[in-house]
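Colleague: This is the structure, below, for whatever I ask next.
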Amino acid sequence: MANMDEYITTTDASKLFRLEKSYIARLAREAKERGEEFPVKRGRAWEAPLDKWEVILKPVNKKVRKTRKHIEITSNGHEEIREMQANWISCSKAAERYGISNSWACRLARRAVKQGSTWPRKYGSQWIAAYGEWIQIFEETSIRSCKYK
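In the working numbering, each residue's number is its place in the sequence shown (first place is 1) plus 18.
This is the structure in structure tokens:
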């Protein structure tokens, strides 16, 4: 390890404390703005002794993060849902497999939902369903021949 008098750069501090360089540089800049003696700006890098880095990286006003809840999945119901989700594909993938355009497949998906079909479902910006459901949607004549009034 380094001596107490030896100055350590942000790069070396990031390796020692296993933190991102940009995060350490931000904490160093904030410490200097608060008026602390260390770190010292030498060229482009912030430098400080090792014991001062320990103080810089633990600021007084830093909020302690809440620990995440760890949920263990043990029941068979979750596994069935995962298997079901593994079979789901997006509208564009189904259109590619079936051999129709993405825009037409998306239009058919919207029409199917408008008519009260449970599939496809929208997740984010994508329509998702099993491929068998997509085939039913693409071959449904009432959805394909829709007239606007």
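For every residue, glycine included, the Cβ atom is placed at its ideal position computed from N, Cα and C. Remember, it's a predicted structure, so these values are computed and weren't measured experimentally.
Using beta-carbon positions only, say whether Trp-71 and Ile-107 come within less than 8 Å of one another.
Modeller: Not a contact, by the Cβ cut-off of 8 Å.
Colleague: Grouping DSSP H, G and I as helix and E and B as strand, with all else coil, what is Ile-155?
Modeller: The answer is helix: DSSP assigns Ile-155 an H, G or I state.
Colleague: Please report the distance separating the alpha-carbon of Ala-147 from that of His-88.
Modeller: Between Ala-147 and His-88, the C-alpha separation is close to 29 Å.
Colleague: DSSP puts Tyr-25 in a beta bridge; with which residues?
Modeller: For Tyr-25, which the question treats as bridged, DSSP gives the partners Pro-67.
Colleague: Specify the secondary structure class of Val-58 as computed by DSSP and reduced to three states.
Modeller: Strand.
Colleague: Exposed or buried, what is Thr-136 when buried is set at 16 or more other beta-carbons lying within 10 Å of its beta-carbon?
Modeller: With fewer than 16 Cβ atoms within 10 Å of its Cβ, Thr-136 is classed as exposed.
Colleague: Count the other C-beta atoms from every protein chain shown that fall within 10 angstroms of the C-beta of Glu-65, then say buried if there are 16 or more, exposed otherwise.
Modeller: Counting Cβ neighbours within 10 Å, Glu-65 comes out buried, since at least 16 surround it.
Colleague: Tell me whether Lys-140 sits in a helix, a strand or coil according to DSSP, three-state version.
Modeller: Three-state DSSP puts Lys-140 in a strand.
Colleague: Identify which residue in Pro-57, Glu-54 and Arg-128 has its Cα closest to the Cα of Ser-143.
Modeller: Comparing Cα positions, the closest option is Arg-128.
Colleague: Thinking C-beta only, is Cys-109 closer than 8 Å to Ala-130?
Modeller: Going by C-beta atoms, Ala-130 is not nearer than 8 Å to Cys-109.
Colleague: Where does the unbroken beta strand (DSSP E) through Ser-119 begin, and where does it stop?
Modeller: First-last for Ser-119: undefined, no H or E at that position.
Colleague: Tell whether a beta-carbon distance below 8 Å holds between Tyr-149 and Arg-125.
Modeller: No, Cβ-Cβ distance for Tyr-149 and Arg-125 is not below 8 Å.
Colleague: Do the CB positions of Glu-51 and Pro-77 come within less than 8 Å of each other?
Modeller: No, the pair does not count as a contact, with Cβ atoms beyond the cut-off.
Colleague: Would you identify the three-state DSSP class for Ser-110, choosing helix, strand or coil?
Modeller: In this structure, Ser-110 counts as helix in the three-state DSSP scheme.
Colleague: Arg-62: which of Leu-68, Ile-74, Ser-40 and Glu-158 sits nearest, CA to CA?
Modeller: It is Ser-40 whose Cα lies nearest to the Cα of Arg-62.
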